[in-house]
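Following: one structure in structure tokens, then a few remarks.
2 protein chains.
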Amino acid sequence: MDQFHAHTFRKILARNMRIRRAELDITQEEVALRTGLTQAYLSGIEREKRNVTLDNIQKIALALETTGAELLNIR
Amino acid sequence: MDQFHAHTFRKILARNMRIRRAELDITQEEVALRTGLTQAYLSGIEREKRNVTLDNIQKIALALETTGAELLNIR
Numbered sequence: 001m002d003q004f005h006a007h008t009f010r011k012i013l014a015r016n017m018r019i020r021r022a023e024l025d026i027t028q029e030e031v032a033l034r035t036g037l038t039q040a041y042l043s044g045i046e047r048e049k050r051n052v053t054l055d056n057i058q059k060i061a062l063a064l065e066t067t068g069a070e071l072l073n074i075r
Numbered sequence: 076m077d078q079f080h081a082h083t084f085r086k087i088l089a090r091n092m093r094i095r096r097a098e099l100d101i102t103q104e105e106v107a108l109r110t111g112l113t114q115a116y117l118s119g120i121e122r123e124k125r126n127v128t129l130d131n132i133q134k135i136a137l138a139l140e141t142t143g144a145e146l147l148n149i150r
């Protein structure tokens with residue numbers, strides 16, 4: 001697994017969040033409302049700038065009606 | 076998904092880490108060596124006391140020769 005770089009999981013999460021939002025046709029603002037996180041913070045996650053915590057990954061998974069495994073799945 | 080409580084993902088991660096360590100027959104000390112994290116911190120994650128970050132989940136997944144999706148998979 002040496003092709004991983006330090007932020008590979010951030011890239012995977014960001015991509016899966018964008019895909020899932022598109023599937024649900026919802027905005028970052030809607031996810032912010034559902035999670036209680038700010039839209040700016042969510043935007044930072046989707047731009048791989050944030051080292052998000054597990055508790056917040058759980059909030060995001062619930063808001064996106066998916067699972068942690070799906071959010072970290074390499075599609 | 077209302078049967079989730081605030082730390083469900085911590086429970087899932089902790090369980091999968093313990094299972095994976097047992098499968099590999101390695102100690103928390105060995106995972107500490109592989110990740111650069113402390114054994115005490117890893118112990119805290121496995122006792123659901125730590126809100127671990129995504130970058131550290133990646134280090135743990137690599138050390139346990141598994142994936143993020145597997146670590147958050149509900150077995």
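If you're matching them up, the sequences are chains A and B in order. If you count by this note's numbering, then the first sequence holds residues 1 to 75, one letter each, in order. If you count by this note's numbering, then the second sequence holds residues 76 to 150, one letter each, in order. Just so you know, even glycine gets a beta-carbon here, dropped at the ideal spot from N, CA and C.
Query	Result
Three-way DSSP call (helix, strand, coil) for Thr-102 (chain B) in this model	coil
Contact set for Val-106 (chain B): own chain, Cβ-Cβ below 6 Å, skip 5 residues either direction	Leu-117 and Ala-138
Sub-9 Å separation of Asp-25 (chain A) and Ala-81 (chain B) beta-carbons	no
For Thr-95 (chain A): DSSP bridge partner residues	Nothing can be reported for residue 95 (chain A): it is not among the residues displayed for chain A, which extend from 1 to 75.
Neighbouring residues, chain A, relative to Thr-113 (chain B) (Cβ below 9 Å)	Result: empty, since nearest Cβ-Cβ is about 18 Å, beyond 9 Å.
Cutoff 8 Å; reference Ala-14 (chain A); Cβ partners in own chain excluding five residues on either side	Ile-45, Glu-46, Arg-47 and Glu-48
Supposed close pair Thr-141 (chain B), Arg-95 (chain B) - CB separation, criterion 8 Å	6 Å
Residues from the stretch 78-93 of chain B in contact with chain A, defined by Cβ distance under 9 Å	Phe-79, Ala-81, His-82, Thr-83, Phe-84, Arg-85, Ile-87 and Leu-88
Three-way DSSP call (helix, strand, coil) for Thr-38 (chain A) in this model	coil
Anticipated Cβ contact below 8 Å, Ile-135 (chain B) with Met-92 (chain B), distance rounded	7 Å
Separation of Glu-29 (chain A) from Glu-145 (chain B), as counted between CA atoms	29 Å
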